[in-house]
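For the sequence shown, numbering that gives the first Met the number 0 begins at 0 and goes up steadily by one. A virtual CB, placed ideally from N, CA and C, is assigned to each residue, including glycine. Keep in mind that this is a model prediction, so the values were computed, not measured. Below: one structure, written as C-alpha coordinates.
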Amino acid sequence: MAKDKIAYVCSNCGQESSKWIGKCPSCGQWNTFKEIRVSSDTGSQAARSAASVIRSSLSGKNHPQPLRSIASQEAPRMDMYDNELNRVLGGGLVPGSIVLLGGEPGIGKSTLTLQTILNMPDRQILYVSGEESAHQLKMRAERIGKGDSDNVHILCETSLENIFAQIKNFQPELVVVDSIQTIYTEEVDSSPGSVSQIRECASALLRFSKSSGIPVLMIGHINKEGSIAGPKILEHIVDTVIQFEGDQHYMYRILRSIKNRFGSTSELGIYEMRQNGLRPVSNPSELLLSQDHEGLSGVAITAAVEGIRPFLVETQALVSTAAYGTPQRSATGFDQRRLNMLLAVLEKRVGFKLIQKDVFINIAGGLRVTDLAMDLSVIAAVLSSNVDTAIEPGWCMAGEVGLSGEVRPVSRIEQRIAEAEKLGFTDMLVPSHNLSGIDARRYNIRLHPVRKVEEALRELFG
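Here you go:
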(Lines of atoms letter the chains of each structure in order from A and count residues from 1; the text may use other names and numbers.)
(Lines give C-alpha, C1' and ligand atoms only; values in the text may rest on other atoms or scores of the structure.)
Protein backbone atom coordinates (compact mmCIF):
# COMPACT_ATOMS: atom_id res chain seq x y z
CA MET A 1 0.00 0.00 0.00
CA ALA A 2 1.42 3.36 -1.06
CA LYS A 3 2.24 5.88 1.61
CA ASP A 4 0.26 9.13 1.82
CA LYS A 5 2.03 12.26 0.65
CA ILE A 6 2.28 15.55 2.53
CA ALA A 7 1.71 18.86 0.75
CA TYR A 8 1.48 22.46 1.90
CA VAL A 9 -1.11 24.94 0.61
CA CYS A 10 -1.38 28.67 1.31
CA SER A 11 -4.73 29.37 2.97
CA ASN A 12 -4.79 32.90 1.54
CA CYS A 13 -4.20 32.36 -2.19
CA GLY A 14 -4.02 28.57 -2.70
CA GLN A 15 -0.33 28.37 -3.69
CA GLU A 16 1.00 24.82 -3.32
CA SER A 17 4.44 23.76 -2.13
CA SER A 18 6.19 20.50 -1.37
CA LYS A 19 7.62 21.95 1.86
CA TRP A 20 6.60 24.49 4.45
CA ILE A 21 7.46 28.12 3.62
CA GLY A 22 7.26 31.01 6.04
CA LYS A 23 6.32 33.63 3.43
CA CYS A 24 4.09 32.78 0.48
CA PRO A 25 5.87 33.62 -2.79
CA SER A 26 2.55 34.30 -4.53
CA CYS A 27 0.62 36.63 -2.19
CA GLY A 28 3.40 37.66 0.20
CA GLN A 29 1.54 36.66 3.39
CA TRP A 30 3.37 35.14 6.34
CA ASN A 31 2.55 31.86 8.14
CA THR A 32 -0.33 30.92 5.83
CA PHE A 33 0.92 27.50 4.62
CA LYS A 34 -1.14 24.64 6.01
CA GLU A 35 -0.27 20.96 5.87
CA ILE A 36 -2.60 18.66 3.94
CA ARG A 37 -2.40 14.93 3.42
CA VAL A 38 -2.75 13.62 -0.12
CA SER A 39 -3.75 9.98 -0.12
CA SER A 40 -2.50 7.52 -2.67
CA ASP A 41 -6.07 6.63 -3.66
CA THR A 42 -6.67 10.21 -4.71
CA GLY A 43 -3.58 10.11 -6.87
CA SER A 44 -4.59 6.86 -8.54
CA GLN A 45 -8.10 8.20 -9.07
CA ALA A 46 -6.66 11.32 -10.66
CA ALA A 47 -4.48 9.17 -12.87
CA ARG A 48 -7.50 7.12 -13.95
CA SER A 49 -9.50 10.27 -14.69
CA ALA A 50 -6.56 11.66 -16.70
CA ALA A 51 -6.37 8.42 -18.67
CA SER A 52 -10.10 8.60 -19.42
CA VAL A 53 -9.67 12.17 -20.67
CA ILE A 54 -6.88 11.03 -22.99
CA ARG A 55 -9.02 8.17 -24.31
CA SER A 56 -11.99 10.48 -24.92
CA SER A 57 -9.78 12.95 -26.74
CA LEU A 58 -8.35 10.21 -28.96
CA SER A 59 -11.84 8.99 -29.82
CA GLY A 60 -12.51 12.15 -31.80
CA LYS A 61 -15.50 13.47 -29.83
CA ASN A 62 -13.82 16.79 -29.08
CA HIS A 63 -12.08 18.67 -31.86
CA PRO A 64 -10.99 22.26 -32.48
CA GLN A 65 -13.44 24.54 -34.25
CA PRO A 66 -13.04 28.05 -35.65
CA LEU A 67 -14.27 30.89 -33.49
CA ARG A 68 -16.72 32.26 -36.06
CA SER A 69 -18.56 28.91 -36.25
CA ILE A 70 -19.42 29.01 -32.55
CA ALA A 71 -22.94 30.30 -31.93
CA SER A 72 -23.18 33.39 -29.72
CA GLN A 73 -26.27 33.85 -27.60
CA GLU A 74 -27.19 35.83 -24.53
CA ALA A 75 -27.35 33.72 -21.40
CA PRO A 76 -30.85 33.61 -19.85
CA ARG A 77 -31.17 35.15 -16.42
CA MET A 78 -33.01 34.09 -13.29
CA ASP A 79 -34.72 37.04 -11.63
CA MET A 80 -33.71 37.30 -7.94
CA TYR A 81 -36.51 39.81 -7.15
CA ASP A 82 -33.87 42.17 -5.73
CA ASN A 83 -32.81 45.11 -7.90
CA GLU A 84 -29.51 45.58 -6.05
CA LEU A 85 -28.53 41.90 -6.30
CA ASN A 86 -29.63 41.70 -9.94
CA ARG A 87 -27.47 44.73 -10.73
CA VAL A 88 -24.39 43.23 -9.11
CA LEU A 89 -24.91 39.86 -10.83
CA GLY A 90 -25.23 41.57 -14.21
CA GLY A 91 -28.99 41.26 -14.68
CA GLY A 92 -29.82 38.12 -12.71
CA LEU A 93 -28.51 34.66 -11.94
CA VAL A 94 -27.31 32.62 -14.92
CA PRO A 95 -28.47 28.95 -14.94
CA GLY A 96 -25.58 26.55 -14.51
CA SER A 97 -23.39 29.16 -12.80
CA ILE A 98 -21.79 28.94 -9.39
CA VAL A 99 -21.69 32.12 -7.28
CA LEU A 100 -19.64 32.73 -4.15
CA LEU A 101 -20.88 35.26 -1.60
CA GLY A 102 -18.01 36.21 0.72
CA GLY A 103 -17.76 38.40 3.77
CA GLU A 104 -16.74 38.56 7.40
CA PRO A 105 -18.75 36.54 9.95
CA GLY A 106 -21.84 38.36 11.18
CA ILE A 107 -21.99 40.88 8.34
CA GLY A 108 -25.38 39.61 7.07
CA LYS A 109 -24.63 37.09 4.31
CA SER A 110 -27.13 34.47 5.51
CA THR A 111 -29.81 37.11 6.06
CA LEU A 112 -29.35 38.49 2.55
CA THR A 113 -29.44 35.03 0.99
CA LEU A 114 -32.47 33.84 2.96
CA GLN A 115 -34.58 36.93 2.34
CA THR A 116 -33.69 36.79 -1.37
CA ILE A 117 -34.82 33.21 -1.88
CA LEU A 118 -37.94 33.80 0.24
CA ASN A 119 -38.96 36.45 -2.29
CA MET A 120 -38.80 33.95 -5.18
CA PRO A 121 -42.17 32.15 -4.97
CA ASP A 122 -42.00 30.62 -8.45
CA ARG A 123 -38.76 28.65 -7.82
CA GLN A 124 -38.11 25.42 -5.93
CA ILE A 125 -35.05 26.16 -3.79
CA LEU A 126 -32.95 23.89 -1.58
CA TYR A 127 -31.19 25.68 1.29
CA VAL A 128 -28.36 23.56 2.69
CA SER A 129 -27.32 24.77 6.12
CA GLY A 130 -24.21 23.44 7.79
CA GLU A 131 -24.09 26.05 10.55
CA GLU A 132 -27.63 26.68 11.77
CA SER A 133 -30.46 24.34 12.69
CA ALA A 134 -33.82 24.35 10.97
CA HIS A 135 -35.37 26.01 14.04
CA GLN A 136 -32.91 28.90 13.84
CA LEU A 137 -33.62 29.41 10.14
CA LYS A 138 -37.36 29.35 10.87
CA MET A 139 -36.98 32.11 13.46
CA ARG A 140 -34.92 34.19 11.04
CA ALA A 141 -37.52 33.74 8.29
CA GLU A 142 -40.27 34.85 10.69
CA ARG A 143 -38.23 37.90 11.64
CA ILE A 144 -37.94 38.77 7.96
CA GLY A 145 -41.69 38.27 7.59
CA LYS A 146 -41.68 35.26 5.24
CA GLY A 147 -42.04 32.34 7.65
CA ASP A 148 -44.82 30.59 5.70
CA SER A 149 -42.96 29.89 2.45
CA ASP A 150 -43.62 26.56 0.71
CA ASN A 151 -41.05 26.70 -2.08
CA VAL A 152 -37.92 26.94 0.13
CA HIS A 153 -36.81 23.60 1.60
CA ILE A 154 -34.27 23.45 4.43
CA LEU A 155 -31.63 20.70 4.64
CA CYS A 156 -29.31 20.67 7.66
CA GLU A 157 -26.45 18.51 6.37
CA THR A 158 -22.66 18.73 6.09
CA SER A 159 -21.87 15.57 4.12
CA LEU A 160 -21.45 16.28 0.41
CA GLU A 161 -22.55 12.77 -0.58
CA ASN A 162 -25.81 13.10 1.39
CA ILE A 163 -26.41 16.55 -0.09
CA PHE A 164 -26.11 15.21 -3.64
CA ALA A 165 -28.48 12.36 -2.76
CA GLN A 166 -31.12 14.82 -1.56
CA ILE A 167 -30.61 17.03 -4.60
CA LYS A 168 -31.21 14.02 -6.85
CA ASN A 169 -34.48 13.25 -5.09
CA PHE A 170 -35.72 16.83 -4.76
CA GLN A 171 -34.63 18.27 -8.15
CA PRO A 172 -34.42 21.96 -7.09
CA GLU A 173 -34.06 24.95 -9.39
CA LEU A 174 -31.52 26.67 -7.11
CA VAL A 175 -29.14 25.31 -4.46
CA VAL A 176 -27.79 27.45 -1.61
CA VAL A 177 -24.87 26.16 0.50
CA ASP A 178 -24.30 27.94 3.81
CA SER A 179 -21.41 27.75 4.27
CA ILE A 180 -18.81 25.99 2.13
CA GLN A 181 -16.42 25.81 5.12
CA THR A 182 -18.71 23.35 6.91
CA ILE A 183 -19.15 20.88 4.01
CA TYR A 184 -16.92 17.81 3.80
CA THR A 185 -16.52 14.82 1.51
CA GLU A 186 -15.47 11.33 2.53
CA GLU A 187 -13.03 11.13 -0.38
CA VAL A 188 -10.64 13.57 1.33
CA ASP A 189 -9.01 12.58 4.60
CA SER A 190 -9.00 15.95 6.39
CA SER A 191 -11.26 18.01 8.64
CA PRO A 192 -14.02 20.31 7.29
CA GLY A 193 -12.78 23.81 6.55
CA SER A 194 -9.33 22.72 5.43
CA VAL A 195 -7.95 23.76 2.08
CA SER A 196 -8.27 20.32 0.51
CA GLN A 197 -11.86 19.83 1.71
CA ILE A 198 -13.01 23.22 0.50
CA ARG A 199 -11.35 22.83 -2.88
CA GLU A 200 -12.72 19.30 -3.45
CA CYS A 201 -16.27 20.21 -2.35
CA ALA A 202 -16.30 23.34 -4.49
CA SER A 203 -15.04 21.40 -7.51
CA ALA A 204 -17.77 18.80 -7.04
CA LEU A 205 -20.44 21.50 -6.80
CA LEU A 206 -19.01 23.10 -9.94
CA ARG A 207 -19.25 19.85 -11.90
CA PHE A 208 -22.83 19.37 -10.67
CA SER A 209 -23.84 22.91 -11.63
CA LYS A 210 -22.34 22.75 -15.12
CA SER A 211 -23.74 19.30 -15.89
CA SER A 212 -27.25 19.86 -14.55
CA GLY A 213 -27.76 23.56 -15.32
CA ILE A 214 -28.84 24.24 -11.73
CA PRO A 215 -27.17 27.36 -10.28
CA VAL A 216 -25.38 27.07 -6.94
CA LEU A 217 -24.96 29.93 -4.48
CA MET A 218 -22.19 29.31 -1.95
CA ILE A 219 -21.47 31.37 1.16
CA GLY A 220 -17.88 31.65 2.36
CA HIS A 221 -16.45 33.25 5.50
CA ILE A 222 -13.30 35.31 5.59
CA ASN A 223 -11.52 37.12 8.38
CA LYS A 224 -8.83 39.77 8.57
CA GLU A 225 -6.05 37.30 9.32
CA GLY A 226 -6.91 35.04 6.38
CA SER A 227 -6.54 31.91 8.53
CA ILE A 228 -9.77 30.37 7.18
CA ALA A 229 -9.63 29.05 3.63
CA GLY A 230 -12.45 30.97 2.02
CA PRO A 231 -13.09 33.00 -1.13
CA LYS A 232 -9.38 33.43 -1.93
CA ILE A 233 -9.10 29.68 -2.50
CA LEU A 234 -12.31 29.50 -4.55
CA GLU A 235 -11.94 32.54 -6.81
CA HIS A 236 -10.41 30.43 -9.60
CA ILE A 237 -13.21 27.84 -9.45
CA VAL A 238 -16.43 29.83 -9.29
CA ASP A 239 -18.01 31.97 -12.00
CA THR A 240 -18.91 34.97 -9.85
CA VAL A 241 -17.47 36.33 -6.61
CA ILE A 242 -19.46 38.98 -4.77
CA GLN A 243 -18.25 40.57 -1.56
CA PHE A 244 -20.60 41.70 1.21
CA GLU A 245 -18.86 44.31 3.31
CA GLY A 246 -19.50 47.07 5.79
CA ASP A 247 -18.96 48.05 9.40
CA GLN A 248 -21.03 46.04 11.87
CA HIS A 249 -21.53 49.18 13.97
CA TYR A 250 -23.28 50.97 11.10
CA MET A 251 -26.48 50.16 9.29
CA TYR A 252 -25.19 50.22 5.70
CA ARG A 253 -23.84 47.26 3.74
CA ILE A 254 -22.20 47.24 0.31
CA LEU A 255 -22.49 44.34 -2.13
CA ARG A 256 -19.51 44.51 -4.47
CA SER A 257 -18.66 42.32 -7.48
CA ILE A 258 -15.07 41.04 -7.44
CA LYS A 259 -15.28 38.63 -10.37
CA ASN A 260 -18.10 38.04 -12.84
CA ARG A 261 -17.89 35.95 -15.99
CA PHE A 262 -21.39 36.99 -17.03
CA GLY A 263 -21.35 40.71 -16.32
CA SER A 264 -19.43 43.76 -15.21
CA THR A 265 -17.37 43.99 -12.03
CA SER A 266 -18.09 47.72 -11.75
CA GLU A 267 -21.56 47.32 -10.25
CA LEU A 268 -22.41 48.10 -6.64
CA GLY A 269 -25.38 47.35 -4.41
CA ILE A 270 -26.20 49.15 -1.16
CA TYR A 271 -28.39 47.79 1.64
CA GLU A 272 -29.61 49.12 4.95
CA MET A 273 -29.64 46.70 7.87
CA ARG A 274 -32.92 46.76 9.77
CA GLN A 275 -34.63 44.69 12.44
CA ASN A 276 -36.65 42.81 9.81
CA GLY A 277 -33.78 42.20 7.39
CA LEU A 278 -31.89 44.11 4.72
CA ARG A 279 -33.58 46.86 2.74
CA PRO A 280 -32.23 47.72 -0.73
CA VAL A 281 -31.27 51.39 -0.97
CA SER A 282 -32.21 52.81 -4.35
CA ASN A 283 -30.98 56.35 -3.60
CA PRO A 284 -28.08 56.15 -1.13
CA SER A 285 -27.23 59.86 -1.38
CA GLU A 286 -30.23 60.94 0.69
CA LEU A 287 -29.30 58.54 3.49
CA LEU A 288 -25.55 59.22 3.51
CA LEU A 289 -25.93 62.99 3.81
CA SER A 290 -26.83 64.31 7.25
CA GLN A 291 -29.12 67.30 7.20
CA ASP A 292 -27.77 69.10 10.27
CA HIS A 293 -24.18 69.96 9.27
CA GLU A 294 -24.92 73.56 8.31
CA GLY A 295 -22.58 75.92 10.12
CA LEU A 296 -20.22 73.14 11.22
CA SER A 297 -16.58 73.24 10.18
CA GLY A 298 -14.69 70.24 8.84
CA VAL A 299 -17.52 68.91 6.63
CA ALA A 300 -17.32 68.63 2.82
CA ILE A 301 -19.63 66.88 0.35
CA THR A 302 -18.23 64.76 -2.49
CA ALA A 303 -19.93 63.50 -5.64
CA ALA A 304 -18.32 60.05 -5.62
CA VAL A 305 -18.71 57.11 -7.99
CA GLU A 306 -18.39 53.50 -6.88
CA GLY A 307 -18.43 51.23 -9.91
CA ILE A 308 -20.74 53.07 -12.29
CA ARG A 309 -23.10 54.36 -9.61
CA PRO A 310 -22.86 57.99 -8.45
CA PHE A 311 -23.80 59.08 -4.95
CA LEU A 312 -22.92 61.92 -2.62
CA VAL A 313 -21.01 61.23 0.59
CA GLU A 314 -20.06 63.40 3.51
CA THR A 315 -16.38 63.77 4.43
CA GLN A 316 -15.68 64.79 8.02
CA ALA A 317 -12.33 66.09 9.28
CA LEU A 318 -11.00 67.13 12.67
CA VAL A 319 -7.71 68.98 13.04
CA SER A 320 -6.42 69.74 16.52
CA THR A 321 -3.14 70.52 18.21
CA ALA A 322 -1.15 67.39 19.02
CA ALA A 323 -1.45 66.68 22.72
CA TYR A 324 1.71 64.57 22.69
CA GLY A 325 4.93 64.89 20.75
CA THR A 326 3.98 62.78 17.76
CA PRO A 327 0.91 63.95 15.74
CA GLN A 328 -1.72 61.35 14.88
CA ARG A 329 -3.05 60.56 11.43
CA SER A 330 -6.23 58.48 11.42
CA ALA A 331 -8.71 57.70 8.61
CA THR A 332 -11.97 55.74 8.74
CA GLY A 333 -13.36 54.74 5.36
CA PHE A 334 -10.44 56.36 3.52
CA ASP A 335 -6.95 55.18 2.59
CA GLN A 336 -4.45 56.13 5.30
CA ARG A 337 -1.53 56.47 2.88
CA ARG A 338 -3.61 58.64 0.59
CA LEU A 339 -4.38 60.91 3.53
CA ASN A 340 -0.69 61.33 4.33
CA MET A 341 0.01 62.25 0.71
CA LEU A 342 -2.79 64.84 0.65
CA LEU A 343 -1.55 66.41 3.87
CA ALA A 344 1.93 66.68 2.38
CA VAL A 345 0.48 68.38 -0.73
CA LEU A 346 -1.53 70.75 1.47
CA GLU A 347 1.60 71.72 3.40
CA LYS A 348 4.03 71.91 0.48
CA ARG A 349 1.90 73.44 -2.26
CA VAL A 350 -0.59 75.53 -0.29
CA GLY A 351 1.54 76.49 2.69
CA PHE A 352 -0.56 75.29 5.63
CA LYS A 353 1.60 73.88 8.41
CA LEU A 354 0.03 70.72 9.81
CA ILE A 355 3.16 69.03 11.11
CA GLN A 356 2.17 69.62 14.76
CA LYS A 357 -1.54 68.88 14.26
CA ASP A 358 -3.60 65.73 14.77
CA VAL A 359 -5.72 64.96 11.68
CA PHE A 360 -8.73 62.62 11.76
CA ILE A 361 -10.80 61.75 8.67
CA ASN A 362 -14.15 59.95 8.68
CA ILE A 363 -16.49 58.99 5.83
CA ALA A 364 -20.02 59.34 7.21
CA GLY A 365 -22.22 56.25 7.21
CA GLY A 366 -19.48 53.69 7.77
CA LEU A 367 -18.75 53.30 4.05
CA ARG A 368 -15.31 52.74 2.59
CA VAL A 369 -14.91 54.77 -0.59
CA THR A 370 -12.00 54.18 -2.98
CA ASP A 371 -12.88 56.87 -5.54
CA LEU A 372 -9.94 59.22 -6.17
CA ALA A 373 -12.38 62.11 -6.58
CA MET A 374 -12.55 62.20 -2.78
CA ASP A 375 -9.17 63.98 -2.67
CA LEU A 376 -10.58 67.46 -3.12
CA SER A 377 -13.19 67.07 -0.39
CA VAL A 378 -10.62 65.64 2.05
CA ILE A 379 -8.36 68.66 1.58
CA ALA A 380 -11.33 71.05 1.86
CA ALA A 381 -12.58 69.38 5.05
CA VAL A 382 -9.11 69.41 6.62
CA LEU A 383 -8.63 73.09 5.86
CA SER A 384 -12.16 73.91 7.04
CA SER A 385 -11.47 72.27 10.39
CA ASN A 386 -8.02 73.82 10.66
CA VAL A 387 -9.29 77.40 10.28
CA ASP A 388 -12.62 76.58 11.99
CA THR A 389 -14.64 77.96 9.09
CA ALA A 390 -17.62 76.11 7.67
CA ILE A 391 -18.09 75.55 3.96
CA GLU A 392 -21.16 77.35 2.66
CA PRO A 393 -24.25 75.13 2.29
CA GLY A 394 -25.09 73.99 -1.23
CA TRP A 395 -21.47 73.31 -2.25
CA CYS A 396 -20.09 69.94 -3.34
CA MET A 397 -16.97 68.91 -5.22
CA ALA A 398 -15.17 66.18 -7.11
CA GLY A 399 -11.54 66.05 -8.15
CA GLU A 400 -8.32 64.08 -7.86
CA VAL A 401 -5.31 65.91 -6.42
CA GLY A 402 -1.83 65.29 -7.83
CA LEU A 403 1.53 65.65 -6.14
CA SER A 404 2.10 69.04 -7.78
CA GLY A 405 -1.12 70.41 -6.31
CA GLU A 406 -3.04 70.19 -9.56
CA VAL A 407 -6.67 69.07 -9.69
CA ARG A 408 -6.79 66.18 -12.12
CA PRO A 409 -9.89 65.18 -14.11
CA VAL A 410 -12.18 62.37 -12.90
CA SER A 411 -14.38 59.88 -14.73
CA ARG A 412 -18.16 60.10 -15.23
CA ILE A 413 -18.29 63.80 -14.45
CA GLU A 414 -21.73 64.24 -16.07
CA GLN A 415 -23.25 61.60 -13.77
CA ARG A 416 -21.71 63.30 -10.74
CA ILE A 417 -23.10 66.68 -11.78
CA ALA A 418 -26.57 65.24 -12.43
CA GLU A 419 -26.62 63.52 -9.02
CA ALA A 420 -25.62 66.74 -7.24
CA GLU A 421 -28.22 68.72 -9.15
CA LYS A 422 -30.93 66.17 -8.32
CA LEU A 423 -30.25 66.57 -4.59
CA GLY A 424 -30.54 70.37 -4.73
CA PHE A 425 -26.90 71.50 -4.61
CA THR A 426 -26.28 74.95 -6.09
CA ASP A 427 -22.48 75.04 -6.62
CA MET A 428 -19.93 72.39 -7.52
CA LEU A 429 -16.15 72.39 -7.87
CA VAL A 430 -15.00 70.36 -10.87
CA PRO A 431 -11.62 69.93 -12.59
CA SER A 432 -11.26 72.37 -15.45
CA HIS A 433 -10.20 69.62 -17.87
CA ASN A 434 -13.52 67.84 -17.34
CA LEU A 435 -15.54 70.78 -18.69
CA SER A 436 -14.12 70.53 -22.20
CA GLY A 437 -16.93 69.41 -24.48
CA ILE A 438 -19.62 69.80 -21.78
CA ASP A 439 -22.33 72.43 -22.07
CA ALA A 440 -22.60 73.80 -18.51
CA ARG A 441 -25.71 75.84 -19.41
CA ARG A 442 -27.94 72.77 -19.50
CA TYR A 443 -27.41 72.21 -15.77
CA ASN A 444 -29.20 74.13 -13.04
CA ILE A 445 -26.10 73.98 -10.84
CA ARG A 446 -23.22 76.45 -11.05
CA LEU A 447 -19.98 74.74 -12.05
CA HIS A 448 -16.69 76.19 -10.85
CA PRO A 449 -13.71 74.84 -12.84
CA VAL A 450 -10.41 74.70 -10.94
CA ARG A 451 -6.91 73.76 -12.02
CA LYS A 452 -5.04 73.85 -8.72
CA VAL A 453 -5.79 73.26 -5.08
CA GLU A 454 -5.22 76.97 -4.33
CA GLU A 455 -8.00 77.90 -6.75
CA ALA A 456 -10.40 75.43 -5.15
CA LEU A 457 -9.72 76.74 -1.65
CA ARG A 458 -10.07 80.33 -2.86
CA GLU A 459 -13.52 79.49 -4.30
CA LEU A 460 -14.61 77.89 -1.03
CA PHE A 461 -13.17 80.28 1.54
CA GLY A 462 -12.51 83.48 -0.43
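| Query | Result |
| --- | --- |
| Alpha carbon to alpha carbon, what distance is there between residue 182 and residue 99? | 14 Å |
| Can you check which of these residues, 149, 349, 368, 389, is closest to residue 405 by C-alpha distance? | 349 |
| So residue 259 is in the beta strand (DSSP E); what residue range does that whole segment cover? | 251-259 |
| Return the residue from the list 109, 384, 428, 13 that minimises the CA-CA distance to residue 317. | 384 |
| So what's residue 159 in DSSP terms, helix, strand or just coil? | helix |
| Using a threshold of 8 Å, state whether the C-beta atoms of residue 365 and residue 245 are closer than that. | yes |
| Within 10 angstroms of its Cβ, does residue 124 collect 16 or more other Cβ (buried), or is it exposed? | buried |
| When DSSP builds the beta bridges, which residues end up paired with residue 101? | 219, 242 |
| Do you know whose CA, among 35, 413, 108, lies nearest residue 178's CA? | 108 |
| When burial is assigned at 16 or more other CB atoms within 10 Å of the CB, is residue 287 buried or exposed? | buried |
| Starting from residue 207, trace the alpha helix (DSSP H) both ways and give me its first and last residue. | 194-211 |
| Take every Cβ of the stretch 131-147, pair it with every Cβ of the stretch 71-78, and state whether three or more of those distances are shorter than 8 Å. | no |
| For residue 74, does the three-state DSSP call read helix, strand or coil? | coil |
| Short check: CB of residue 297 to CB of residue 380, under 8 Å? | yes |
| What whole-angstrom Cβ distance do residue 314 and residue 272 have, given they're in contact under 8 Å? | Going by Cβ atoms, the distance from residue 314 to residue 272 rounds to 23 Å, so no, they are not a contact pair. |
| To the nearest angstrom, how far is the alpha carbon of residue 207 from that of residue 160? | 12 Å |
| Output the distance between the C-alpha atoms of residue 456 and residue 142, rounded to the nearest integer angstrom. | 50 Å |
| Smallest Cα separation from residue 188: which of 341, 23, 274, 34? | 34 |
| Counting beta carbon pairs with one atom in the stretch 246-266 and one in the stretch 82-102, are three or more of them shorter than 8 Å? | yes |
| Starting from the Cα of residue 367, find the closest Cα among 167, 304, 264 and give me that residue. | 304 |
| Quick check on the DSSP output: what are the complete alpha helix (DSSP H) runs of length 4 or more inside the stretch 292-380, in order along the chain? | 335-344 |
| Leaving out the 5 sequence neighbours to the left and right, which residues in its chain are closer than 6 Å to residue 306 when beta-carbon positions are compared? | 265, 266, 267 |
| How would you label residue 70, buried or exposed, when you count the other beta carbons within 10 angstroms and need 16 or more for buried? | exposed |
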